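Below is one structure; the comments refer to it alone.
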Amino acid sequence: MIEQTLIFGQDKHLVGTVTLPTNPMAGHAQTMAILTNAGVIPRIGPHRLNVRLARRFAELGIATLRFDMSGLGDSRRSTSLKSTGEQFVLDTIAAMDVAQAQFGCDRFFMVGFCSGGDVAQVVAEHDERLRAIVLWDSYVYPTRQAKLRGLLHRLRRNTFGSAAEKLVNRLKSMPTKRTASAATTEDPAPEGPTIFGRIRMPDRDVFGQRIRALVDKGVEVMFLYSGGEPEWYNYPGQFREMFSSYGFVDRVVYENIVRSDHTFIQPHSQAALQASVERWLEQRALPALVRSRQSDPNGARASVNLVPA
């Protein structure tokens with residue numbers, strides 16, 4: 167394999183590492199994987215997972231570009247006045263642009279860890295070249311059963327006495343009817359619980375409809391959840407229960423790697439992730455990329471009017 171550094175982007179502020187296979191996979195010389203930051207973790211990925219994935223993809227015959235988004239890792243901040251979310255989407259499109267210009271790649275799949283997956287969803291909405299995405303520890307909307315299981319988890323984790331004390335303190339801190347009424351007009355809305363590092367998530371309808379739209383246009387989507395939030399994502403049927411009303415559950419792949427934490431501290435969790443992604447690539451993503459290329463031999467392009475959600 168060959169690894170080299172790329173400097174790209176409108177301001178030449180983005181830094182990436184491209185990993186090229188010695189023997190490209192038949193039918194996929196123009197296919198490339200995109201890997202990026204997980205939160206503020208640089209492009210090496212959590213515990214060097216992006217490096218391992220890129221080199222494994224090269225062994226399979228697939229090229230990879232792993233890069234730092236604006237202001238993260240080795241990449242400088244952009245001079246653009248775009249919001250952070252919009253800029254990250256534009257950075258990812260710029261990564262595909264340079265891959266297409268320098269290496270002839272016109273179809274991509276993206277493995278997005280946590281916030282990287284949040285970016286992948288929006289990019290796939292607006293750029294037809296991104297035809298498959300992996301979402302690691304994506305948005306969670308706790309169901310009633312998940313909340314009950316989460317409560318049991320907290321009770322087991324704490325002694326009964328400390329749990330009871332916390333419950334009493336919570337009840338004491340709850341506003342009265344009068345103070346609650348005042349809060350609705352004077353105070354900002356409280357933030358929700360922190361789930362996989364996020365304190366805010368899009369409304370479930372917004373997210374559900376986004377995934378449905380992606381699936382409807384042929385994008386392959388894989389959801390992978392860790393066991394890192396047992397208070398909020400904690401039983402096998404939760405994914406189906408969260409999203410059954412949106413019509414995509416049976417059209418995507420979803421797995422729960424229970425023994426993994428959110429950031430892949432243990433080698434076995436990295437191995438499990440890699441095995442799941444390889445299986446998905448073989449069975450779903452790579453065939454979808456071939457179909458996409460056959461249906462549009464002239465090459466897909468990004469939407470002109472990019473307005474990230």
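Quick note on this note's numbering: the sequence shown kicks off at 167 and runs consecutively. Think of the CB as a built atom: it goes at the ideal place given N, C-alpha and C, for glycine as much as any other residue. Computed from a prediction, not measured in an experiment: that's the story for all the values here.
What is the DSSP secondary structure of T485, counted as helix, strand or coil?
Within the shown structure, residues of the chain are numbered from 167 to 475, placing residue 485 beyond reach of any answer.
Closer than 8 Å by C-beta to L314: which residues in its own chain qualify, once you throw out the five before and the five after it? Chain order, please.
Contacts found: none.
For L486, does the count of other Cβ atoms within 10 angstroms reach 16, so buried, or fall short, so exposed?
The question about residue 486 has no answer, for the chain in this structure spans 167 to 475.
Taking DSSP as the reference, what is the three-state secondary structure of G251?
Looking at G251 - three-state DSSP - the assignment turns out to be helix.
Closer than 7 Å by C-beta to R370: which residues in its own chain qualify, once you throw out the five before and the five after it? Chain order, please.
Answer for R370: Y307, listed in chain order.
Ignoring anything shorter than 4 residues or poking outside the segment 283-326, list the alpha helix (DSSP H) runs there in chain order.
Within the segment 283-326, the complete alpha helix (DSSP H) runs of at least 4 residues are 310-323.
Given a cut-off of 9 Å on the beta-carbon distance, is the pair M367 and Y305 in contact?
Contact flag set, yes.
So, for Q170: in the same chain, excluding its five sequence neighbours on each side, which residues have a beta-carbon less than 6 Å away from its beta-carbon?
Around Q170: V184.
Would you decide whether P187 is buried or exposed? Buried here means 16 or more other CB atoms lie within 10 Å of its CB.
So P187 counts as buried.
My understanding is that G384 touches R297, with C-beta atoms under 8 Å, so please give their C-beta distance in whole angstroms.
Correct: roughly 7 Å between the Cβ atoms.
Could you pull out every residue in the same chain whose Cβ sits closer than 8 Å to the Cβ of G227, ignoring the five residues on either side in sequence?
Excluding positions up to five away in sequence, the list reads P187, N189, P190, M191, A192 and H194.
Who are the Cβ neighbours of G270 in its own chain at under 6 Å, not counting the five residues just before and after it?
Within the same chain, G270 has close Cβ partners Q196.
Please name the residue, chosen from P396, E386, S411 and L439, that lies closest to P453 on a Cα-to-Cα basis.
The residue with the shortest Cα to Cα distance from P453 is E386.
If you draw a straight line from the C-alpha of L317 to the C-alpha of Q404, how long is it?
About 16 Å.
Going by CA-CA distance only, name the one from T360, V415 and P359 that's closest to Q375.
When each option's Cα is compared against that of Q375, the closest is V415.
Would you check if the segment 395-402 and the segment 234-243 touch, i.e. whether three or more CB-CB distances between them fall below 8 Å?
Segments in contact, no.
Quick one, which of H319, V277 and V264 has its alpha-carbon nearest V217's?
Of the listed residues, the one whose Cα sits closest to V217 is V277.
Between R232 and A224, is the Cβ-Cβ spacing less than 9 Å?
The answer is no: Cβ separation not under 9 Å.
Which residues does DSSP pair with R273 in a beta bridge?
In the DSSP output, where bridge partners are listed per residue, R273 has T197.
With distances taken from CA atoms, which of V206, L447, R378 and G393 is nearest V424?
Nearest C-alpha to V424: G393.
Assuming contact is defined by CB atoms lying nearer than 9 Å, are L455 and R273 in contact in what I supplied?
In contact: L455 and R273 (Cβ atoms closer than 9 Å).
Rounded C-beta distance between T230 and L201? I'm assuming under 8 Å.
That belief holds up - the Cβ atoms of T230 and L201 are roughly 6 Å apart, short of 8 Å.
Drop a sphere of 10 angstroms on the beta-carbon of T250, count the other beta-carbons inside from all chains shown, and report buried for 16 or more, exposed for fewer.
Exposed, by the Cβ-count rule.
So which of I207, E407, I377 and L180 has the shortest CA-CA distance to T309?
Considering only alpha carbons, the answer is E407.
List the whole-angstrom C-beta distance separating H213 from I431, where the pair is believed to meet the contact cut-off of C-beta under 8 Å.
The Cβ separation is near 7 Å, so the contact holds.
Quick test of your reading: M262 and R295, contact by CB under 8 Å. State the CB separation rounded to the nearest angstrom.
About 5 Å separates the two Cβ atoms, so the contact holds.
Alpha helix (DSSP H) containing E407: first to last residue?
Residues Q404 to F409.
Between the alpha carbons of Q266 and M198, how many angstroms are there, rounded?
Cα to Cα, Q266 sits roughly 9 Å from M198.
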